[in-house]
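Participant: Residues 30 to 151 (the numbering used here) make up the sequence shown, in order. Think of the CB as a built atom: it goes at the ideal place given N, C-alpha and C, for glycine as much as any other residue.
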Amino acid sequence: MTTNEGGRWMDTLEGQQLQERLTSEKTLKAINHLLDRIDTLEKTVDRLTTVIEQGPGLVSMVADMADETYKQAANKGINLEERLGAALEIAEKLTAPAMVAQLNSVLELANQAPGLVSMVAD
Numbered sequence: 030m031t032t033n034e035g036g037r038w039m040d041t042l043e044g045q046q047l048q049e050r051l052t053s054e055k056t057l058k059a060i061n062h063l064l065d066r067i068d069t070l071e072k073t074v075d076r077l078t079t080v081i082e083q084g085p086g087l088v089s090m091v092a093d094m095a096d097e098t099y100k101q102a103a104n105k106g107i108n109l110e111e112r113l114g115a116a117l118e119i120a121e122k123l124t125a126p127a128m129v130a131q132l133n134s135v136l137e138l139a140n141q142a143p144g145l146v147s148m149v150a151d
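(1) Consult DSSP for Asn108 and reduce its assignment to one of helix, strand or coil.
(2) Which residues bound the alpha helix (DSSP H) around Arg50?
(3) Between the alpha carbons of Met128 and Arg76, how many angstroms are there, rounded?
(4) Which residues bound the alpha helix (DSSP H) around Leu128?
(5) Compute the beta-carbon to beta-carbon distance between Leu113 and Ala102, rounded to the nearest angstrom, for a pair I have assumed lies under 8 Å.
(6) Would you report the Cα separation of Val149 and Leu117, rounded to the nearest angstrom?
(7) Would you say Thr56 and Arg50 are within 7 Å of each other, going by their C-beta atoms?
In structure tokens form, the structure reads like this:
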């Protein structure tokens with residue numbers, strides 16, 4: 030931006046155009062919108078900071094709960110690792126394509142059972 034002979038940029042054509050643009054309603058609304066967004070971002074960062082600061086305590090609390098559950102199960106003679114392993118084996122078997130097809134056949138037969146029983150009774 031150039032300056033005029035007196036050195037004041039606001040007295041130049043470009044300076045006047047800039048002043049007009051800065052004081053236009055559209056520019057003022059845009060600046061106000063940006064300031065509102067900055068306020069929103071600041072509040073979000075504050076909340077995120079609080080959550081991050083509480084994070085280690087929350088993780089510790091969840092770990093303590095898991096430990097307590099594990100101990101209670103062990104006191105009852107339950108081995109959670111064995112049971113979870115067995116549950117995963119069952120899930121693997123149940124979701125195998127051949128087993129899914131067989132289970133669908135059984136379900137179809139169960140749906141037809143009332144009609145079959147009625148035919149046999151007649």
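Facilitator: Taking the definition as stated:
(1) Three-state result, Asn108: coil.
(2) The continuous alpha helix (DSSP H) containing Arg50 extends over residues Leu42 to Leu51.
(3) 49 Å
(4) The amino acid at residue 128 is misidentified as Leu; the sequence shows Met. Per DSSP, Met128 belongs to the alpha helix (DSSP H) from Pro126 to Ala150.
(5) Rounded, the Cβ-Cβ distance is 11 Å, inconsistent with contact.
(6) 41 Å
(7) One thing to note: Thr56 has its Cβ within 7 Å of the Cβ of Arg50.
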